[in-house]
Every structure is written in structure tokens, then in C-alpha cells.
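Scroll down for the structure; my scribbles are underneath it.
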Amino acid sequence: MTKDSTTIDVGEPSNVTKSRSHVVVDAKKKKGFVAAAAGGGYKRGLAIFDFLLRLAAIGITIAASSLMFTAEETLPFFTQFLQFQAGYDDDPTFQFFVIATAIVAGYLLLSLPFSIVSIVRPQAVAPRLILLISDTVVVTLNTAAAAAAAAIVYLAHNGNANTNWLPICQQFGDFCQAVSTAVVAASIAVSFFILLIVISAISLKSH
Numbered sequence: 001m002t003k004d005s006t007t008i009d010v011g012e013p014s015n016v017t018k019s020r021s022h023v024v025v026d027a028k029k030k031k032g033f034v035a036a037a038a039g040g041g042y043k044r045g046l047a048i049f050d051f052l053l054r055l056a057a058i059g060i061t062i063a064a065s066s067l068m069f070t071a072e073e074t075l076p077f078f079t080q081f082l083q084f085q086a087g088y089d090d091d092p093t094f095q096f097f098v099i100a101t102a103i104v105a106g107y108l109l110l111s112l113p114f115s116i117v118s119i120v121r122p123q124a125v126a127p128r129l130i131l132l133i134s135d136t137v138v139v140t141l142n143t144a145a146a147a148a149a150a151a152i153v154y155l156a157h158n159g160n161a162n163t164n165w166l167p168i169c170q171q172f173g174d175f176c177q178a179v180s181t182a183v184v185a186a187s188i189a190v191s192f193f194i195l196l197i198v199i200s201a202i203s204l205k206s207h
């Protein structure tokens, strides 16, 4: 004679299920917090690099504007009534360069508070987005000034035989050295702006 056995399935107590769910939720929260902290540290490092680049760009643009503004030379072998002189204000392109690079330097100075906010609050989107848009606009002004001045500097060094434009740098060596250095400095500032735009794009990528 076979006896039928009856199996009774006893479920887990509700308090055990709740405790397990709390453990799972806490684990997910902890994982999310660790990921956020890691992302914040990464973005804070980018923000610090951004701030340092802006400081360097301020120095370079001020130097470029100052070099061009003070570029002047007078040939010494003429009388006081007849002298040949070269200065930045003799060419509208060089005047534009001085004004444009000064504006760029002023913008960089005004952008420092936004860069500091990005360091303090690396997850904030608004200041980084403002910097990205503003940098993209200002880099066009910097590029235009550097490119226009570079064209005039090239003519000053090499001239143009087709239009009978003679090179003047053989006579005005110091003047050409100053304006050439200013153009190089402005070109370096353009490369800094490109790095700043890339940094902002990377920082906004995860949002």
C-alpha cells in the first residue's frame, strides 16, 4: 500500500523579500553614485585643463595685440624732413588685427568665471554649453585676424612681382619681426581655441 505524499511550498517571508529588494536598490544606488563620481572627476579634470588653456590664451592674445600695436620702425639714414617709417597704423589689416585680438583677449577674460563654475560643478550643462557656443563664435574672429595679417606679412617678406609690390622687410627688419611674431602668437591662440571647443564637446557628450 503506497501513501501519497503531499508537498507544501512555503514562500519566503515578506520581510526577507523586502530586505533583498532593499539590498538590490542600495547596490544600484551605490553603483550609480560611483559612476557619477568617476564621471564628475573626469569632467573636473577637463574643466581644470580648460581653465589653464584660457589663462594661456589670454597671455598669448594680449602679447599678439601688444606686439602689433607697438610695431614701428623708422629708417635712420634720412633727414628729419624726409624719413621712411613703417607702423601698424599704416595698414588697415594690422589695425583690424589689433582690435580683433584685443576683443578676443577680453572675451577670454570674461569667460573665466564660466570655466570656474565648470570646475566647481562639472556636471552642469549650461556653463559648458555657453562656453562651447561662445568659443566657436570668437575663434572665427581670431582666425580672420590672424589670416588677414599673415597675408600682409607674407607680402612684406616676399612682395609680389606681378603687381610690382616690393618686399619691405629687407629695410624694415625689426618691424617685420614684430608683426610676424604677433601673427604667430595669434595662430597659436587659434589652436588653443580648437582645444577648448574639443574639451567642451567631450564634456557635453555624456549628457
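The sequence shown begins at 1 in full-length UniProt numbering and counts up by one. Note that beta-carbon positions come from the ideal geometry of N, C-alpha and C, so glycine has one too. Since this is a predicted model, take the numbers as computed values, not measurements.
Around the beta carbon of S200, a 10 Å sphere encloses 16 or more other beta carbons of the protein chains shown; the residue is thus reported as buried. Bounds of the alpha helix (DSSP H) holding T143 are 126 to 158. Cβ atoms of A186 and T93 stay farther apart than 8 Å, at about 12 Å. Put simply, the backbone Cα of I60 is about 28 Å away from that of G159. Excluding the 5 residues flanking it on each side, A57 has same chain C-beta neighbours closer than 6 Å at L108, A189, F192, in chain order.
In the same chain as I48, and ignoring 5 residues on each side of it, the C-beta atoms closer than 7 Å to its own belong to I119, in chain order. Scanning V139, K43, A64 for the CA closest to the CA of V183 turns up A64. Spanning the alpha carbons of A178 and L204 requires a straight line of approximately 39 Å. Comparing C-alpha distances from I62 to each of E73, D89, G106, I197 shows the shortest one belongs to G106. Taking the Cβ atoms as the reference, T74 lies roughly 4 Å from Q85, within the contact range of under 8 Å. Across the structure, V104 and V138 are spaced so that their CA atoms are roughly 7 Å apart.
Annotation: the continuous beta strand (DSSP E) that includes A86 extends over 85 to 87. The three-state reading of DSSP puts T74 in strand, counting E and B together.
The continuous alpha helix (DSSP H) containing P92 extends over residues 92 to 120.
D50 counts as buried, since no fewer than 16 other beta carbons sit within 10 angstroms of its beta carbon. Under the 10 Å beta carbon count, V98 is surrounded by 16 or more other beta carbons and is classified as buried. If you check the CB distance, R44 and L112 do not come in under 8 Å. With respect to the 8 Å criterion, T140 and L67 are not classified as neighbours on the basis of their beta carbons.
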